[in-house]
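Chemist:
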């Protein structure tokens, strides 16, 4: 008896049909030989039969196309539903509270930690008759700091919305320097994708559609040709194509691809400093959804403590945007701001 041939595949994973996927058959002349497997040959024959108008072959190819599309959707994680991005431009009261001396910075560094000014707490206690100052100081010690008694001036440039651009680069610094640019390891290799039926359906073929020649995949070209045959009166092909289209539409409907998902992005968390404490002091209007707005009474109290020319027009606009009902209390000092 002869020796058994060596197998590259692990014997535990070897299957009888594996021989149908091995490129054992050679085609072509002496100069160019193409090795094809039995499965590839049968696949091409079925494809040709479908192009010739055989309904059974067309039905088989359309079923394979559906499985191929499912594999593509899973691999690339294609969104089945239509996604619409919306920007949630949330209004924050931090800049206005710093301008009104409601929040004070512990030092003069940009984006320093903020705390509630002592006069705000005393004003809230006097208005609502809540806890007295000593009890509030004992229960919430982080709100009452000695450094908060000295006010640090707020600048609009310190707000995160005002981003200072980087200085302009010189032309010499932007020029290409050999050995200092690019990926030293080279371009990474493209990830190899394994499809259920190989790359048979992914091959691009030139096809005349309408008045122009377009690059379409093999299965798209097949469906287009089947559609032409069905339009010319081939009832068998029309029935096969209609069944495949109905099944695809039903699958998309069950996957809720017709629905539109609206994704609202923006400030997902409340970024206003000491938000919970400000709510306890009743400074924030909770009925203003999606925004953090101040009550008009605390804005009026803060403006009364400031000089007449303490706020410029730009600063007044910041305060107005952060006030829930400015018409019920303080209005801008300048008539040009609205």
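In UniProt numbering, the protein residues as written are 1 to 338. We put the CB at the ideal spot given by N, CA and C, even for glycine.
Let me check understanding here. Comparing Cα to Cα, which of 72, 225, 44 and 275 lies closest to residue 194?
Modeler: 72
Chemist: Check residue 292 in the structure and name its three-state DSSP category.
Modeler: coil
Chemist: Would the beta-carbon of residue 240 fall within 8 Å of that of residue 51?
Modeler: no
Chemist: By DSSP, does residue 299 sit in helix, in strand, or in coil?
Modeler: helix
Chemist: Taking the alpha-carbon of residue 22 as reference, which of 41, 32, 28 and 191 has the nearest alpha-carbon?
Modeler: 41
Chemist: Would you identify the three-state DSSP class for residue 95, choosing helix, strand or coil?
Modeler: helix
Chemist: Provide the residue(s) that pair with residue 367 in DSSP beta bridges, ordered along the chain.
Modeler: Any answer about residue 367 is impossible in this case: the structure gives the chain only from 1 up to 338.
Chemist: Looking only at its chain, what residues have a beta carbon closer than 7 Å to the beta carbon of residue 64, apart from the 5 residues adjacent to it on each side?
Modeler: 197
Chemist: Between the stretch 301-316 and the stretch 89-105, do three or more beta carbon pairs fall short of 8 Å?
Modeler: yes
Chemist: Starting from the C-beta of residue 58, find all residues in its chain whose C-beta is less than 7 Å away, skip the five residues before and the five after it, and write them out in chain order.
Modeler: 50, 226, 237 and 240
Chemist: Could you tell me if residue 47 is buried or exposed, where buried requires 16 or more neighbouring beta carbons within 10 angstroms of its beta carbon?
Modeler: buried
Chemist: Hey, out of 235, 247, 204 and 119, whose CA is closest to residue 298's CA?
Modeler: Nearest of 235, 247, 204 and 119 to residue 298, Cα basis: 119.
Chemist: Residues in the same chain with beta-carbon distance under 6 Å from residue 221, minus the five sequence neighbours each way, listed in chain order, please.
Modeler: 205 and 207
Chemist: Below 8 Å on the Cβ atoms is my guess for residue 35 versus residue 26; work out the distance and round it to an integer in Å.
Modeler: 5 Å
Chemist: Count the other CB atoms, across all protein chains shown, that sit within 10 Å of the CB of residue 94; report buried if there are 16 or more and exposed otherwise.
Modeler: buried
Chemist: Ordered along the chain, which non-local residues of its own chain (more than five positions away) have a Cβ less than 7 Å from that of residue 53?
Modeler: 229, 234 and 237
Chemist: For a quick check, are the C-beta atoms of residue 176 and residue 43 less than 8 Å apart?
Modeler: no
Chemist: Using the DSSP secondary-structure output, state which residues sit across from residue 34 in a beta bridge.
Modeler: 27
Chemist: Take residue 302 as the anchor and find which of 277, 275 and 319 has the nearest alpha-carbon.
Modeler: 319
Chemist: With a threshold of 7 Å on Cβ separation, who are the neighbours of residue 214 within its own chain once the five nearest residues in sequence on each side are excluded?
Modeler: 207
Chemist: If you reduce the DSSP assignment to three classes, tell me which class residue 260 lands in.
Modeler: strand
Chemist: From the DSSP secondary-structure annotation, give me the bridge partner or partners of residue 214.
Modeler: 207
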